[in-house]
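Notes follow once the structure below has been shown.
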Amino acid sequence: MLLIKINEIKKTYGNRVVLDHVSFDIQRESRIGIVGHNGSGKTTLANILAGILRADKGTIDSPSTDIKIGYLRQSMRDNDPCLPDEESMFEGEVFEHTGRLGIGKLDIWDDSRLSSLSGGEKMKVALANIWSSSPDLLILDEPTNHLDEKGIHWLVSELNKYSGAVLIISHDRYFLDQSVSSIVEIEDGKSVVWTGNYTRYHEEKAKVLEAARQEYEIQQRHKKKIEDQMANLRSWSEKAHRDSTKQGGFKEFYRVKAKKLDNQVKSKRKRLERELKQNTMQKPKEQQEIRFQFKERTRHGKRILEVNNLGKKFGKRILFSDSSFYITHGEKVGIVGDNGSGKTTLLNILLGKDQVFSGEIWLSETLKVGYLSQDADDFDGQKSALEHTGLTDRQKLTDARTAFASLGLDDAKITCPVGQLSLGERTRVKLLCMMLANADILILDEPTNHLDLSSREELEKALSSFPGTILAVSHDLYFLNRISEKLLVIENCNIKRVERGFKDYRGKQEPAPGKKEEDLLLLQNEISALLGKISLADKNSKEYIEMDKSLAQLMEQQKRIQRNN
Numbered sequence: 072m073l074l075i076k077i078n079e080i081k082k083t084y085g086n087r088v089v090l091d092h093v094s095f096d097i098q099r100e101s102r103i104g105i106v107g108h109n110g111s112g113k114t115t116l117a118n119i120l121a122g123i124l125r126a127d128k129g130t131i132d133s134p135s136t137d138i139k140i141g142y143l144r145q146s147m148r149d150n151d152p153c154l155p156d157e158e159s160m161f162e163g164e165v166f167e168h169t170g171r172l173g174i175g176k177l178d179i180w181d182d183s184r185l186s187s188l189s190g191g192e193k194m195k196v197a198l199a200n201i202w203s204s205s206p207d208l209l210i211l212d213e214p215t216n217h218l219d220e221k222g223i224h225w226l227v228s229e230l231n232k233y234s235g236a237v238l239i240i241s242h243d244r245y246f247l248d249q250s251v252s253s254i255v256e257i258e259d260g261k262s263v264v265w266t267g268n269y270t271r272y273h274e275e276k277a278k279v280l281e282a283a284r285q286e287y288e289i290q291q292r293h294k295k296k297i298e299d300q301m302a303n304l305r306s307w308s309e310k311a312h313r314d315s316t317k318q319g320g321f322k323e324f325y326r327v328k329a330k331k332l333d334n335q336v337k338s339k340r341k342r343l344e345r346e347l348k349q350n351t352m353q354k355p356k357e358q359q360e361i362r363f364q365f366k367e368r369t370r371h372g373k374r375i376l377e378v379n380n381l382g383k384k385f386g387k388r389i390l391f392s393d394s395s396f397y398i399t400h401g402e403k404v405g406i407v408g409d410n411g412s413g414k415t416t417l418l419n420i421l422l423g424k425d426q427v428f429s430g431e432i433w434l435s436e437t438l439k440v441g442y443l444s445q446d447a448d449d450f451d452g453q454k455s456a457l458e459h460t461g462l463t464d465r466q467k468l469t470d471a472r473t474a475f476a477s478l479g480l481d482d483a484k485i486t487c488p489v490g491q492l493s494l495g496e497r498t499r500v501k502l503l504c505m506m507l508a509n510a511d512i513l514i515l516d517e518p519t520n521h522l523d524l525s526s527r528e529e530l531e532k533a534l535s536s537f538p539g540t541i542l543a544v545s546h547d548l549y550f551l552n553r554i555s556e557k558l559l560v561i562e563n564c565n566i567k568r569v570e571r572g573f574k575d576y577r578g579k580q581e582p583a584p585g586k587k588e589e590d591l592l593l594l595q596n597e598i599s600a601l602l603g604k605i606s607l608a609d610k611n612s613k614e615y616i617e618m619d620k621s622l623a624q625l626m627e628q629q630k631r632i633q634r635n636n
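Heads up: the sequence shown at position 554 corresponds to 625 in our numbering, and the numbers run straight through without jumps.
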C-alpha cells in the first residue's frame, strides 16, 4: 500500500543543481536504502521529506493526511529534536530501549554523566526515542555512525521487526545488506531505483556499466566506419572535379560525370549523416577517482608516546584507571571499545584538550600532530574550504586547489561557504588540511563517518602507506581490519595494549552469536566489490591478475566459513 509518492523533486543551491526530478514511491513496509557519492543530495532529500527544507519544484503526495515521521539526523547537537528531554529518558519505552542498546542504569546517572554522553551514546538515546514514538516512516541518516557492534545488532533486529516504512541513508555495506530490500541511487541529481540489497545493487550496476561501455565501444567503431566512408566520398568527388579540368576535348564528358557523382555523394552523405545522428550515445561516465596522500614531516626516535597509570572519571563513574601503554614510531594503532567506554575522552587527554585526569603522559615535544575529530560539523560554516587551509602563498593555494580537485571538490565547492557542503565533503576538507600539514602522527576519531564508499577505500589505501604513526578510533570493521597493526582495547575500566591487529584479535576471541554470519556477509561484500572492479579491468593487465588472485583467496575463505557453519 502506498505511503508516500515522491514526484519530480528539484532542489538547487545557488547555481548548483543538487536534486533534479527525483521520483520514487515509498510503500507502507518499504525498506529503502539511499546511496550516492558525498554531496549527491541524499541528506537534502531526507530534509525535504521530513519537512525541514522545501523543494524548488515537484511534489510529495500521500493518501494519508497524518503521516508520522521519525527522523534521525546525521549530525546531532545537544538540543537536537530527536533527543528526548531528560525526564522522558527515564520512562517507558525510551528507558527500555536504551537498556537493550547497552546504556544501563540511566536512572542512577548524575548530571555530569548525562551531560557527557559520547557520540555513540547520543546516537543510541536518539534511536530509542524515535523508536518509542512508533512513526509511520523512519528516516535514518547514517545511523551506524558512532555505533558499536551491540548497537548495530540491536538496530538490525528492530528494523526486521518494524511494521512501518524505513528510508536509510548509509555507506555501511554490511548494514545495508541486512536492512534494505531496494536501493535508490542519487547520481548527478537523478534517481534510479534498484531491486535488492546493496550487494545486489552493486553487482547489477557493474553489469549495466559494463554493457553500456561495450555498447559505446561498438558505436564508436561504427561511427568511425561511417566517418571513413564520408571521407572517401569527399575524396572521390574532389578527384572527379580535378579530372574534369584536365581531359582536353573530354571536359564536358568528365564534367557531367563529376556532377552525377556529386549527386550520388550528396545522397549517400545525407544517409550517412542520418545514421551518424542515430549513433549519439554518450560515453558512460567514469567514476571520479579520489586520491588522498599523507606525507610525514620528519623521522623520530622509536618511542613517541608513553602513558603510565592513567585514570579518568566523570563524577562517580570511572572510565579507566591504572592504565599504562606506549606507542612507537610508525605504528598503526586502532582504539576499540563499546560506546561510552572513553575512546574519544582518551584522545582528548592525549591531545591536551582534557587535563583533568590522574597518571602521567609523555609525548615527544617535536612531534607534529594531525587531528580529525568525529564531528564533521565543527567548521566555521561561513568560511570557504580554501580559507580553512590557512594558506596565503599563491603557489601553495594553486597546489591546494589541485589537491582539492583530486578529492572530488571542484572550484565552486572550495570557494563557497563550508556550511553549504555535505558532511562527507566537509570531512574531505578536514582530511586535506591534515594532508597539507605533513604531520608525524595522525589522530583520527571515526575517520570514515560521513565518507562515501570510494572515499573510504582510498583513505584506507593512503593510511596503509603512510610512513608515520596512526592512532584511530573506529567502529568500521573494514577500516580496522585494513589499517590496524596494534590495538588499544578499552574494557572493564582499563586500557590494554594488544600486539596484533583487529582482524587477528577479533578472530581469537570467542565468537559472538551470529559472528560467522557477519563474517560471511563481510566476505560476500568484499567479493562483490572485487568482482565489480575485475569486470572493468583488462584481462591481460597486472592489476587484473592480482585482483584475480585476491578473489580466489576470498572465495576459499568463504568456503571455509560455510563448511564450519
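C-beta: ideal position from N, C-alpha, C; glycine also.
Please report how far the alpha carbon of residue i lies from the alpha carbon of residue j, in whole angstroms.
{"i": "T83", "j": "R499", "result": "22 Å"}
{"i": "D409", "j": "R284", "result": "46 Å"}
{"i": "N552", "j": "R571", "result": "11 Å"}
{"i": "K139", "j": "R99", "result": "12 Å"}
{"i": "E346", "j": "N303", "result": "16 Å"}
{"i": "S135", "j": "M72", "result": "11 Å"}
{"i": "P518", "j": "E458", "result": "22 Å"}
{"i": "R244", "j": "V237", "result": "17 Å"}
{"i": "S101", "j": "R125", "result": "24 Å"}
{"i": "V93", "j": "L422", "result": "45 Å"}
{"i": "L559", "j": "L198", "result": "28 Å"}
{"i": "V279", "j": "K567", "result": "48 Å"}
{"i": "I131", "j": "D96", "result": "10 Å"}
{"i": "I75", "j": "L120", "result": "9 Å"}
{"i": "S340", "j": "I257", "result": "The sequence shown places Arg at residue 340, rather than the Ser named in the question. Whole-angstrom Cα-Cα distance: 41 Å."}
{"i": "S555", "j": "H293", "result": "51 Å"}
{"i": "M505", "j": "G222", "result": "31 Å"}
{"i": "I485", "j": "L530", "result": "20 Å"}
{"i": "D687", "j": "I80", "result": "Outside the modelled stretch of the chain, which goes from 72 to 636, sits residue 687, for which no answer is possible."}
{"i": "V37", "j": "G110", "result": "The requested residue 37 does not occur in the structure, where the chain is confined to residues 72 to 636."}
{"i": "E220", "j": "F246", "result": "11 Å"}
{"i": "T415", "j": "E281", "result": "44 Å"}
{"i": "A456", "j": "D449", "result": "13 Å"}
{"i": "H242", "j": "G107", "result": "9 Å"}
Could you tell me if the beta carbon of residue i falls within a distance shorter than 8 Å of some heavy atom in the ligand ZN?
{"i": "I398", "result": "With respect to small molecules bound, the structure shown includes none, and the ligand ZN cannot be examined in it."}
So residue i and residue j are in contact, right, with Cβ under 8 Å, and what is the actual spacing, rounded?
{"i": "A117", "j": "I240", "result": "6 Å"}
{"i": "I406", "j": "L542", "result": "7 Å"}
{"i": "T114", "j": "Q145", "result": "6 Å"}
{"i": "G104", "j": "Y269", "result": "6 Å"}
Would you mind working out which of the options sits nearest residue i, comparing C-alpha positions?
{"i": "L502", "options": "Q466, K454, T463 and Q445", "result": "Q445"}
{"i": "Y576", "options": "G110, W265, A277 and V404", "result": "V404"}
{"i": "I398", "options": "K387, L438, E298 and Y269", "result": "L438"}
{"i": "S525", "options": "D516, R313 and Y549", "result": "Y549"}
{"i": "L390", "options": "Q629, G401, F428 and G423", "result": "F428"}
{"i": "S477", "options": "L492, E496, R465 and G490", "result": "E496"}
{"i": "N520", "options": "P214, N86, Y142 and S205", "result": "P214"}
{"i": "S545", "options": "V88, L218 and K76", "result": "L218"}
{"i": "S412", "options": "I561, E281, K261 and N78", "result": "I561"}
{"i": "K637", "options": "K348, D511, G222 and D464", "result": "The displayed coordinates of the chain run from 72 to 636. Any statement about residue 637 would go beyond what the structure contains."}
{"i": "L513", "options": "R527, T540 and G461", "result": "T540"}
{"i": "K310", "options": "K330, Q491, T460 and Q291", "result": "K330"}
{"i": "N565", "options": "W307, E79, D425 and L417", "result": "L417"}
{"i": "D127", "options": "G386, L90, R342 and G190", "result": "L90"}
{"i": "N86", "options": "Q453, F385, Q491 and S133", "result": "Q491"}
{"i": "D425", "options": "L381, D547 and A508", "result": "L381"}
Taking all protein chains shown into account, decide if residue i is buried (16 or more other Cβ within 10 angstroms of its Cβ) or exposed.
{"i": "I254", "result": "buried"}
{"i": "I289", "result": "exposed"}
{"i": "D248", "result": "buried"}
{"i": "K383", "result": "buried"}
{"i": "E192", "result": "buried"}
{"i": "G441", "result": "buried"}
{"i": "I77", "result": "buried"}
{"i": "S250", "result": "buried"}
{"i": "K195", "result": "buried"}
{"i": "N216", "result": "buried"}
{"i": "G452", "result": "exposed"}
{"i": "D547", "result": "buried"}
Does residue i have its Cβ less than 9 Å from a Cβ in chain D?
{"i": "A476", "result": "Of the protein chains in this structure there is only one, and it is not chain D."}
*asked:* With three or more beta-carbon pairs closer than 8 Å as the criterion, would you say the segment 428 to 440 touches the segment 372 to 379?
replied: Contact between the segment 428 to 440 and the segment 372 to 379 is present: three or more C-beta pairs spanning the two stretches fall below 8 Å.
*Using 8 Å as the Cβ pair cut-off and three pairs as the minimum, do the segment 202 to 219 and the segment 229 to 247 touch?*
The segment 202 to 219 vs the segment 229 to 247: in contact.
*Can at least three beta-carbon pairs, one atom from the segment 535 to 554 and one from the segment 467 to 483, be found at a separation below 8 Å?*
no
*Should the segment 381 to 401 be regarded as contacting the segment 334 to 343, the criterion being three or more beta carbon pairs within less than 8 Å?*
no
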